[in-house]
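Everything below concerns the one structure shown next.
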Amino acid sequence: MATGSVTITRSAVLSTEKVEVRQPVNFVLNTVIGIVFGLMGTIFLVFFMNYIIDRIKTMEDVEKRLGVRVLGAIPKQDNKDSK
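All letters in the sequence shown, in the order written, are residues 1 to 83 by UniProt numbering.
Here is the structure:
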């Protein structure tokens with residue numbers, strides 16, 4: 001039996017075998033495990049990023065890493081004060 005461009009090769013067969021019922025998922029345990037692994041992953045990522053990112057953030061970093069004295073610094077200005 002052909003309908004348009006689709007051809008039915010055989011009819012569907014109803015299975016007589018029983019389907020095995022799985023045990024219910026422990027929602028609370030899965031939630032706790034997810035929270036614990038999420039926190040551990042976040043803490044690991046923060047320490048890893050802090051270790052990897054090697055920026056000069058303070059005047060002491062300049063003196064320590066480059067071995068030169070800082071002559072001056074430009075203060076940070078808030079956007080509220082600039083108006």
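All C-beta atoms, glycine included, are put in the ideal place defined by N, C-alpha and C.
For clarity, every value in this text was computed on a predicted model and none was experimentally measured.
With a contact defined as Cβ atoms closer than 8 Å, Ile-52 and Arg-65 miss out at about 16 Å. When Glu-63, Asn-79, Lys-80 are compared, the shortest CA-CA separation from Ala-73 is found for Glu-63. Rounded to whole angstroms, the separation of the alpha carbons of Gln-77 and Val-68 is 25 Å. Secondary structure at Thr-42: helix, using DSSP grouped into helix, strand and coil.
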